[in-house]
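What follows is one structure encoded as structure tokens, with my remarks underneath.
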Amino acid sequence: GAGVSQSPRYKVAKRGQDVALRCDPISGHVSLFWYQQALGQGPEFLTYFQNEAQLDKSGLPSDRFFAERPEGSVSTLKIQRTQQEDSAVYLCASSFTGRGETQYFGPGTRLLVL
Amino acid sequence: GENVEQHPSTLSVQEGDSAVIKCTYSDSASNYFPWYKQELGKRPQLIIDIRSNVGEKKDQRIAVTLNKTAKHFSLHITETQPEDSAVYFCAASVQGGNEKLTFGTGTRLTIIP
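Heads up: the protein sequence lines correspond to chains A and B, in order.
All letters in the first sequence, in the order written, are residues 2 to 115 by the working numbering.
All letters in the second sequence, in the order written, are residues 2 to 114 by the working numbering.
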């Protein structure tokens, strides 16, 4: 079946602009995760949903970052008033139940803030 | 919170030789340890994982070992091939807890033909 998909794949934003990044998890997957991967680094956890409930948002770096999953499927990560330090690859992952299951990653959205 | 350290950061081996990448973790509650392979510009892909109730797991040319007492785990790739060249990440999480993966900083593996 189809894997995790993300859009857009690339996004260039001017500093101060708002951006919205979309994640389509594997159909039927209950859990959804967002990670941020800076150049040359490992992914870092941002936030976690189980169905529509956001169970952990401890990794969101500031209140400019907001994530939602209103119907328990597609998720959107929104970054307000983007800063240069927000430039990174944003990865989405999903798992069937989130309890001891493999996390499958999407291809990521590469965000460049100028 | 959990801290995962990974070594080496770069590794070059001759084709056909073995490669070993090592990781340590800090949180004794961690019980799930996956390894991901990431090719340039691509998504991380799971290659093998191990849970804390076993000490070793093997899948063809790839094996992972876990030492819970010492809080370290290792990836072993035997008979390396050019297509093994990539960045490898180890990770740790508490399954049944918050589920989030804490990743190491990655190892860039280059296989020399």
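Quick reminder that beta carbons are idealized off the backbone N, C-alpha and C, glycines included.
Small disclaimer: the values here were computed from a predicted structure and weren't measured.
Check: Contact the segment 66–83 of chain B vs the segment 19–27 of chain B: 3+ CB pairs below 8 Å; Outcome: yes
Check: Under 7 Å by beta carbon: chain A residues contacting residue 47/B; Outcome: 103
Check: DSSP state of residue 85/A mapped onto helix, strand, coil; Outcome: helix
Check: Where residue 38/B falls, given that 16 or more other Cβ within 10 Å makes a residue buried; Outcome: buried
Check: Contact list for the segment 46–76 of chain A against chain B, Cβ threshold 8 Å; Outcome: 46, 49, 56, 57 and 60
Check: Cutoff 8 Å: residue 34/B Cβ touching any chain A Cβ; Outcome: no
Check: Cβ pair residue 15/A, residue 115/A closer than 8 Å; Outcome: yes
Check: Residues that residue 106/A contacts on chain B, provided the C-beta gap is smaller than 8 Å; Outcome: 37, 44, 45 and 46
Check: Where residue 152/B meets chain A, residues with beta-carbon distance less than 9 Å; Outcome: Shown here, chain B extends from 2 to 114; a query on residue 152/B therefore has no answer.
Check: contact_flag[the segment 7–18 of chain B, the segment 56–72 of chain A] where n(CB pairs < 8 Å) is 3 or more; Outcome: no
Check: Alpha helix (DSSP H) runs contained entirely in the segment 23–86 of chain B, provided each spans 4 or more residues; Outcome: none
Check: Reference residue 23/A; option with closest CA among 94/A, 103/A and 98/A; Outcome: 94/A
Check: Expected contact under 8 Å - CB spacing of residue 105/A and residue 5/A to nearest Å; Outcome: 6 Å
Check: Exposed unless 16 or more other CB atoms sit within 10 angstroms - verdict on residue 87/A; Outcome: buried
Check: Where the beta strand (DSSP E) through residue 55/A begins and ends; Outcome: 54–57
Check: Residue 38/A, DSSP secondary structure in three states; Outcome: strand
Check: Interface partners of residue 103/B on chain A, CB under 8 Å; Outcome: 46
Check: Residue 102/B beta carbon less than 8 Å from that of residue 87/B; Outcome: no
Check: Residue 34/A at chain B interface by Cβ criterion, 8 Å; Outcome: yes
Check: Alpha-carbon spacing of residue 107/B relative to residue 9/B, whole angstroms; Outcome: 8 Å
Check: Amino acids of chain B, ordered along the chain, whose beta-carbon sits closer than 9 Å to that of residue 42/A; Outcome: 104, 106 and 107
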